[in-house]
């Protein structure tokens, strides 16, 4: 058996397959669909201090090989997560990455402290694609200097590994990767969804109520692979690759360009058992290719 | 889960009636399945479809060809396979005391009502079936008592399905209970009629869905009990509980 274990900060994963935030609920929705101990980890729906109802409908639509969503960060809130979800999650034996966000610096800090203190949360993933209400709605992750400061503040406030999830909606992602590293972040996950839009030509209305939404699914994969490659070449901290993974081949692409682990998102909707299937296929593939350790693959891209 | 298509019949212009060998044990009227038509990435998402029947391991759905997904599905032949998840969602549950059931369906919304009717042959039921034109009226012959309404008058009475519903004296009878499924506009009107007449009932909502099992949060609805996910908290909601968006 090939060694598929990977390490992100102090977070040890049995394999590099993680299910992505926003596509896996609170994990509990999947207990009858796969064995949570057979995947590296799962990332929770993005959590905030207070419960949020999210955006008005319609908030999803399908596009070629992808979908656009504008859910608006709906979640049960950290209290309900702690009291109702986490005790059940702990029973599953899953590795849990708590994804979180805030609308102010203080909210980020408070949410991070709360999650850091919870038994059964193994790492934190900070979503910085959220509007800063104190700075006129500009996203936290859209200014490298501010991103570095936020990363540094949160890093100092917690003990668990801190992953920062980067937005692809910037001209150059490398300064943002550097900002996370300089701020002390333990890892980068990339990419979040690409800002997109789709119009119903019969009604001439946007197919998403809020007009814009985040594009995800296999359609974005080449963009994601490029950005993960750029991040991995820029920083020394681990990069987790995300973007349209639907097969073993797709996952290998991310690992080869330097991702230490991957997250599978949209495809969880279509095939709820996909993360476990990919982890098993990776193991079989390594065996067949006589690869003893997954680390032989990571960053093995040839460009000569 | 792979499922073999048993039949896939063109029953009216734009509509198909499909049966497939189910990998699940059964489904209740009101529940739905999520169908993946091809293994390719486009179309990507599954299509939610109401269960229109379930017997001896064979599940029936009725669908309208509206986009590429359903177009590809309509080209499938018996023996071809599709991928099906489910059944998902809650079911119609009229109380035993309801003596007089009104079934109000619009277009493809007739599917779960038909299943309920076939599963409860002993219960007195009257169907009101509406559609834009005669081809949108499906399975009317499978109901014991039905009234048809079409917008263009090509079948039954001309106008909305709510007109014959309002004209019937059944809304004023004791023990009347209503089950409805159809487009939002129809359900909103039926909801109002029920409230006005003091009739209890259940509405099955239709919506695009990303997953069908409660994680994508793409099909929420505001209700008197707060924001709900149609796929797991519904699709069936009680009369008077949905907060209709204007």
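Protein chains in written order, with our numbering: chain A, 1 to 304; chain B, 1001 to 1246. Note that beta-carbon positions come from the ideal geometry of N, C-alpha and C, so glycine has one too. Please read all numbers here as calculations on a predicted model, not as lab measurements.
**Asked** Apart from the five residues on each side of it in sequence, which residues of its chain come closer than 7 Å, Cβ to Cβ, to residue 293(A)?
**Response** 2 and 3.
**Item:** Same chain, Cβ closer than 6 Å to residue 1018(B), neighbours up to 5 away in sequence not counted
**Value:** Exclusion of the five residues before and after residue 1018(B) leaves 1008 and 1061 as the residues of its chain whose Cβ lies within less than 6 Å of its Cβ.
**Message:** Please list, in chain order, the residues of the region 50 to 62 of chain A that have any C-beta partner in chain B closer than 8 Å.
**Reply:** Listed in sequence order: 53, 54, 56, 57, 58, 59, 60, 61 and 62.
**Request:** Go ahead and pull the three-state DSSP assignment for residue 39(A).
**Result:** Residue 39(A) falls in the coil class under three-state DSSP.
**Message:** Given this structure, state the Cα-to-Cα distance separating residue 1039(B) from residue 1200(B), to the nearest angstrom.
**Reply:** Using only the alpha carbons, I get a separation of about 43 Å.
**Message:** Counting only beta-carbon separations shorter than 8 Å, does residue 984(B) have a partner in chain A?
**Reply:** No answer is possible for residue 984(B): it lies beyond the span of chain B, which begins at 1001 and ends at 1246.
**Item:** Reduced DSSP secondary structure (H/G/I, E/B, other) of residue 122(A)
**Value:** In this structure, residue 122(A) counts as coil in the three-state DSSP scheme.
**Contacting residues, own chain, Cβ-Cβ under 6 Å from residue 167(A) (five flanking each side not counted)** = Correct list, in chain order: 129, 141 and 192.
**Asked** Who are the Cβ neighbours of residue 261(A) in its own chain at under 7 Å, not counting the five residues just before and after it?
**Response** So the qualifying residues of the chain are 6, 8, 13, 16, 18, 40 and 240.
**Request:** Starting from the C-beta of residue 229(A), find all residues in its chain whose C-beta is less than 8 Å away, skip the five residues before and the five after it, and write them out in chain order.
**Result:** These residues qualify, in order along the chain: 257, 258 and 301.
**Request:** Report the option in 202(A), 110(A) and 165(A) whose CA atom is closest to the CA atom of residue 158(A).
**Result:** Between residue 158(A) and the set 202(A), 110(A) and 165(A), the nearest pair of CA atoms involves 110(A).
**Request:** Apply the 10 Å Cβ neighbour rule to residue 76(A) and answer buried if 16 or more other Cβ atoms are within range, or exposed otherwise.
**Result:** So residue 76(A) ends up on the buried side.
**Asked** What in chain A is Cβ-close to residue 1213(B), meaning under 9 Å?
**Response** Going along chain A in sequence order, the residues near residue 1213(B) (Cβ under 9 Å) are 25, 29, 30, 33, 269 and 272.
**Request:** Return the Cβ separation of residue 1148(B) and residue 1129(B) in integer angstroms, given the expectation that the two are a contact with Cβ distance under 8 Å.
**Result:** Rounded, the Cβ-Cβ distance is 5 Å, consistent with contact.
**Asked** So, is residue 161(A) buried or exposed, given that buried needs 16 or more other C-beta atoms within 10 angstroms?
**Response** So residue 161(A) counts as buried.
**Request:** Provide the residue span of the beta strand (DSSP E) that contains residue 1018(B), from first to last.
**Result:** In the DSSP assignment, residue 1018(B) falls within the unbroken beta strand (DSSP E) covering 1015 to 1021.
**Message:** Quick check: residue 1183(B) and residue 1115(B), are their CB atoms within less than 8 Å of each other?
**Reply:** No, the pair does not count as a contact, with Cβ atoms beyond the cut-off.
**Message:** Taking only three categories from DSSP, how would you classify residue 157(A)?
**Reply:** Three-state result, residue 157(A): helix.
**Request:** Scan the region 211 to 226 of chain A for residues whose Cβ lies nearer than 7 Å to a Cβ of chain B and list them as they occur along the chain.
**Result:** The region 211 to 226 of chain A vs chain B, Cβ under 7 Å: 217 and 218.
**Asked** Measuring CB to CB, does residue 122(A) end up less than 8 Å from residue 96(A)?
**Response** Residue 122(A) is a Cβ neighbour of residue 96(A), given a cutoff of 8 Å.
**Range covered by the beta strand (DSSP E) that runs through residue 1227(B)** = Element bounds for residue 1227(B): 1226 to 1229.
**Item:** Members of the region 1034 to 1051 of chain B that neighbour chain A once the beta carbon cut-off is set at 8 Å
**Value:** Within the region 1034 to 1051 of chain B, the residues whose Cβ lies closer than 8 Å to any Cβ of chain A are, in chain order, 1036, 1041, 1042, 1043, 1044, 1045 and 1046.
**Message:** Following a CB-centred definition, is residue 1012(B) positioned closer than 7 Å to any heavy atom of the ligand GDP?
**Reply:** The ligand GDP is absent from the structure shown, which contains no ligand whatsoever.
**Buried/exposed call for residue 55(A), threshold 16 Cβ in 10 Å** = In this structure residue 55(A) is buried. Its beta-carbon is surrounded by 16 or more other beta-carbon atoms within 10 angstroms.
**Message:** Spatial neighbours of residue 138(A) within its chain, please: C-beta separation below 6 Å, excluding the five flanking residues on both sides.
**Reply:** Cβ within range, chain order: 132.
**Prompt:** Does DSSP classify residue 1091(B) as helix, strand or coil?
**Reply:** In the three-state reduction of the DSSP assignment, residue 1091(B) falls in the coil class.
**Residue burial classification, residue 181(A) (beta-carbon count within 10 angstroms, cutoff 16)** = Buried.
**Request:** Could you list the residues in the region 65 to 80 of chain A with a C-beta less than 7 Å from some C-beta on chain B, going in chain order?
**Result:** Here the close residues are 65, 66, 67, 69, 71 and 74.
**Prompt:** Which term fits residue 1245(B), buried or exposed, when burial requires 16 or more other beta carbons within 10 angstroms of its beta carbon?
**Reply:** With fewer than 16 Cβ atoms within 10 Å of its Cβ, residue 1245(B) is classed as exposed.
**Request:** Could you tell me which residues DSSP pairs with residue 101(A) in its beta bridges?
**Result:** Its beta-bridge partners do not exist; DSSP assigns none.
**Beta-carbon contacts of residue 1090(B) that lie in its chain and below 7 Å, excluding the five residues immediately before and after** = Only residues of its own chain outside the window of five on either side were considered, and among them 1030, 1234 and 1236 have a CB closer than 7 Å to the CB of residue 1090(B), listed in chain order.
**Item:** As assigned by DSSP and simplified to three states, the class of residue 1081(B)
**Value:** The answer is strand: DSSP assigns residue 1081(B) an E or B state.
**Asked** Beta-carbon of residue 1217(B) versus every beta-carbon of chain D: anything under 8 Å?
**Response** Any reference to chain D falls outside this structure, whose protein chains are A and B.
**Request:** State the DSSP-derived secondary structure class of residue 106(A), mapped to helix, strand or coil.
**Result:** Assigned with DSSP and collapsed to three states, residue 106(A) falls in helix.
**Prompt:** Is any beta-carbon of chain B found at less than 8 Å from that of residue 111(A)?
**Reply:** Chain B contact via Cβ: absent.
**Asked** What number of angstroms, rounded off, separates the C-alpha of residue 79(A) from the C-alpha of residue 107(A)?
**Response** Taking the straight line joining both Cα atoms gives about 14 Å.
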